[in-house]
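What follows is a set of notes on a single structure, which appears directly below.
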Amino acid sequence: MHPPTTLTGRVGRWSARHRKLAIVGWLLFVVIAFMAGGAVGTDQLDQREAGVGDSGTAAKVHNRAFPKTSGEGVFLSSTTLDRGDPAFRAAVTDVARRLRRVDGVSDVESPYGDGGGRFAKDGHAAMVGFTIRGDSADKAVKAVADRAVDAVATVERAHPSVRVEPFGDATSGDAFERIFQDDLSKAEKLSLPITLVILLATFGTLLVAGVPLLLAMSAVLATFGLIGPISQLAPVDESISNVVLLIGLAVGVDYSLFYIRRAREERAAGRSPQQALDVAAATSGHSVLVSGVTVMVAMAGMYLAGAPTFTSFATGTIVVVAVAMLASLTVLPALLSLMGDRVNRPSRIPGLRRVKAAAGRLHVWSRVVDAVTRRPVLWGGLAATLLVAMAIPATQMHLGTPPLEESLPQDKPVVQTFNHVREAFPVETSGAEIVVKAADVTAPRVTQAIGELERRAARTPRLFPGEDGVDVEVSPDRRVAVLGLEIAGDGQDERSNDALDALRGDLVPATLARVPGMSTWVGGMTAQERDFNRTLARNLPYVIGFVLLAAFLLLLVTFRSVVVPLKAIVLNLLSVGAAYGAMVLVFQHGWFKGLLGFSQTGPIVAWLPLFLFVVLFGLSMDYHVFILSRVREAYDSGMRTQDAVRHAIRNTAGVVTSAAVVMVAVFSIFGSLSFLSFKQMGVGLALAVLIDATLIRGVLLPASMQLLGDRNWWLPRRLGWLPRLGARSEVAPATR
4 MHPPTTLTGR VGRWSARHRK LAIVGWLLFV VIAFMAGGAV GTDQLDQREA
54 GVGDSGTAAK VHNRAFPKTS GEGVFLSSTT LDRGDPAFRA AVTDVARRLR
104 RVDGVSDVES PYGDGGGRFA KDGHAAMVGF TIRGDSADKA VKAVADRAVD
154 AVATVERAHP SVRVEPFGDA TSGDAFERIF QDDLSKAEKL SLPITLVILL
204 ATFGTLLVAG VPLLLAMSAV LATFGLIGPI SQLAPVDESI SNVVLLIGLA
254 VGVDYSLFYI RRAREERAAG RSPQQALDVA AATSGHSVLV SGVTVMVAMA
304 GMYLAGAPTF TSFATGTIVV VAVAMLASLT VLPALLSLMG DRVNRPSRIP
354 GLRRVKAAAG RLHVWSRVVD AVTRRPVLWG GLAATLLVAM AIPATQMHLG
404 TPPLEESLPQ DKPVVQTFNH VREAFPVETS GAEIVVKAAD VTAPRVTQAI
454 GELERRAART PRLFPGEDGV DVEVSPDRRV AVLGLEIAGD GQDERSNDAL
504 DALRGDLVPA TLARVPGMST WVGGMTAQER DFNRTLARNL PYVIGFVLLA
554 AFLLLLVTFR SVVVPLKAIV LNLLSVGAAY GAMVLVFQHG WFKGLLGFSQ
604 TGPIVAWLPL FLFVVLFGLS MDYHVFILSR VREAYDSGMR TQDAVRHAIR
654 NTAGVVTSAA VVMVAVFSIF GSLSFLSFKQ MGVGLALAVL IDATLIRGVL
704 LPASMQLLGD RNWWLPRRLG WLPRLGARSE VAPATR
């Protein structure tokens, strides 16, 4: 065995020889990064300014022109009393009176006689509205909300026949946030022990099984810290920590698995501990480097999506993959060198040997690959047909926002209040916001244009059914006005979209847009969803093109073949398409909805397909690069391609299966959460990884390589100048 000459080989040897420095240096890096993040803090993206397109601009102008306020309310209901009963009126009046006495509360609106508040259609419920100045997330606003809740807490005791339930941005926000965080905490608490159990079954020793998990979690913690300073340059989405945990745990464990498994394999083949580490660094280390770079490039595709949320997701995933890759290439060889022969020492935990033996029997890929390579056309054709059939339902994918009530645990008091409010005040119409900006929005020409808009809207009651016309709110400097207009539909249906088209295509251009020097934007929920979906659809070809081209070039240089990257792209697209189709069957057609814990079918979350594409394309390259690196290594050592394929899959089946089981288990935990967006993400990722690790890597990859033979490595002569990246010259057969 010659001394390592590649970058990963040299880094691995240095780490093994300076293991104390490598381990202490890594720990210092993680601690300093985490503390720096805590000191700087994380600047989160203001969701009111996270929109795109015309509606995104409308939200930004609105948000910056008006003082922030928190909309609140107190919901009163009775099964025996209605609005005409003096006892019900007394309870409503008592709530309004108590709220007006709370310091910090303003604009209290009662439905009795003062032009504010609302009654339910059946008269058995009422809403008393009030406002708190400031952002609902501010501590001062929450303190006022708490005082308001305390002020009305005794009303129900004074009026026992009336139920009193505060509900609003500040009064209910913390309760909803706790539900959200408890959901995610469940995933975090379950993912670590489940991953450890799978690693124990893989390695048979607690000492070695703990290393991938510790390195993955240290990479996640370091990334949490690094996001703090990065967020000061570009604010990040509030969900970035969850994405970092999901991706960091997956790739961190994978990279360590590849490295440790090769080191143990070389020790079993008769190499010394140092030689085994050298081979692992030169081979699996190289695969980790190529795979990590490929994943980061794929994640970078999200920068082209045109939405701030995707930009922050791209940053978080790129950083955590880079840190996990760095950990595997630097500190992991030091840890393995420190453990020495204990790496192969079996555990004394009772029953663990039987678990490991049972897990070993699950790796049936040797028999599968033998069958596939004997009849590649048959098995490859069947697998390809199945994947195409699974992908067909993806053509029916409908994007949108799943109903919130389906995502919430029904036993929570705040959720029950939410349901009571929705039952009493069902959403039969939605609202549009028209934001106008001018030197003076109260000038006669502007008010005349607003009046004309109101008259035109009244002529089309099918689209604009509101009886109160246009509600106008003027900013303190009179430079911005927000026009609230009721539109038909629930915000996502055809009527709502027709109303939006009428506003943008006819009403606004014919009225407000004609005022010289005035800018107009149409916003609101319907407009936001439309603009977001269209932005993604417009930018999706750029994202896909960037990811595919970058992956092609990286694999072209790595394997010095045109066929290998083209085949990898086709196989990965089949995997993603099949996952999309399965998601449509589950979440739109209701397959297995009882098993997955949801009752209503609906749209796929709008951001999910693009996110899944870049993540799955990146993660699937882990297995592809790892297997193909072993194939190329065997081929360069003199084997025929067909024999090299069988040799590589037999030797990588165990670690690929274990890595896939870890990913599927972690992603499936997210699929068990309450919130439909996380459930869809977890199910989609788990299905795609399962498909990729079985039908793609176990059947289609060996079948296609068997059919193509040495043509797998075809490279045009004009590309002969490409650099040679690899470790084939460093690996010599082991001698016992």
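When the letters of the sequence shown are read in order and numbered with our numbering, they come out as residues 4 to 739. Just so it is clear, CB atoms sit at the ideal spot from N, CA and C, and this is done for glycine as well.
- In chain order, Leu187 place their CB closer than 6 Å to the CB of Asn245, counting only its own chain and leaving out the 5 sequence neighbours on each side.
- With 16 or more other Cβ atoms inside 10 Å of its own Cβ, Asn575 counts as buried.
- Shown here for Ala61: same chain residues with a beta carbon closer than 7 Å to its own, the five before and five after excluded, namely Glu436, Val438, Trp524, Val525, Gly526 in chain order.
- Within 10 angstroms of the beta-carbon of Ser602 lie fewer than 16 other beta-carbons, which makes it exposed.
- In the DSSP assignment, Pro232 falls within the alpha helix (DSSP H) that extends over 209-236.
- Here the alpha carbon of Met220 sits roughly 12 Å from the alpha carbon of Pro196.
- Annotation note: the segment 676-703 contains the following uninterrupted alpha helix (DSSP H) runs of length 4 or greater, listed N- to C-terminal: 679-694.
- Within a 10 Å sphere around the beta-carbon of Gly580 sit 16 or more other beta-carbons, which makes this residue buried.
- For Ala491, the enclosing beta strand (DSSP E) covers residues 483-491.
- Around the Cβ of Gly641, a 10 Å sphere holds fewer than 16 other Cβ atoms; the residue is exposed.
- For Asp110, there is no enclosing alpha helix (DSSP H); the enclosing beta strand (DSSP E) covers residues 108-112.
- The segment 498-518 and the segment 33-52 do not touch, with fewer than three beta-carbon pairs separated by less than 8 Å.
- For Val477, the uninterrupted beta strand (DSSP E) segment begins and ends at 474-477.
- The beta carbon of Asp110 sits closer than 7 Å to the beta carbons of Phe133, Thr134 from its chain, once the five residues preceding and following it are set aside; these are given in chain order.
- If you draw a straight line from the Cα of Met666 to the Cα of Met299, it comes to about 18 Å.
- Looking at Lys124, Ile694, Ser671, Asp695, the one whose alpha-carbon comes closest to that of Met684 is Ser671.
- Contact fails between the segment 204-215 and the segment 701-716, because fewer than three Cβ pairs, one in each stretch, are under 8 Å apart.
- Here Trp610 is buried: its Cβ has 16 or more other Cβ atoms, across all protein chains shown, within 10 Å.
- The C-beta of Asp344 has fewer than 16 other C-beta atoms within 10 Å across all chains shown, which makes the residue exposed.
- Remark: three or more beta-carbon pairs, one from each stretch, lie closer than 8 Å, so the segment 257-274 and the segment 652-663 are flagged as touching.
- Gln495 and Gly472 have their C-alpha atoms some 22 Å from each other.
- Apart from sequence neighbours up to five positions away, the residues of its chain that approach Ser707 with a beta-carbon distance below 7 Å are Gly383, Lys570, ordered along the chain.
- The Cβ-Cβ distance between Ala25 and Ala272 does not fall below 7 Å.
- Rounded to the nearest whole angstrom, the C-alpha separation of Ala651 and Ala42 is 48 Å.
- DSSP, reduced to helix, strand and coil, places Arg378 outside both helices and strands of the structure shown, so it counts as coil.
- The straight-line gap separating the alpha-carbon atoms of Val223 and Ala140 is approximately 27 Å.
- Following the DSSP letters along the chain, one finds Ala128 inside the beta strand (DSSP E) bounded by residues 128-136.
- Between the alpha carbons of Gly59 and Gln531 lies a distance of about 7 Å.
- With 16 or more other Cβ atoms inside 10 Å of its own Cβ, Ser331 counts as buried.
- In the DSSP assignment, Arg166 falls within the beta strand (DSSP E) that extends over 166-171.
- If you draw a straight line from the Cα of Arg265 to the Cα of Ala39, it is about 35 Å long.
- Comparing C-alpha distances from Thr450 to each of Val14, Trp29, Arg481 shows the shortest one belongs to Arg481.
- Glu241 sits in coil when the DSSP states are folded into three classes, being neither helix nor strand.
- For the pair Asp625 and Phe421, the Cα-to-Cα distance works out to about 44 Å.
- By the Cβ rule, the segment 268-287 does not count as touching the segment 304-323, because fewer than three pairs are nearer than 8 Å.
- Taking each of Arg721, Lys23, Leu676, Asn715 in turn and checking the Cα distance to Leu341, the smallest one comes out for Lys23.
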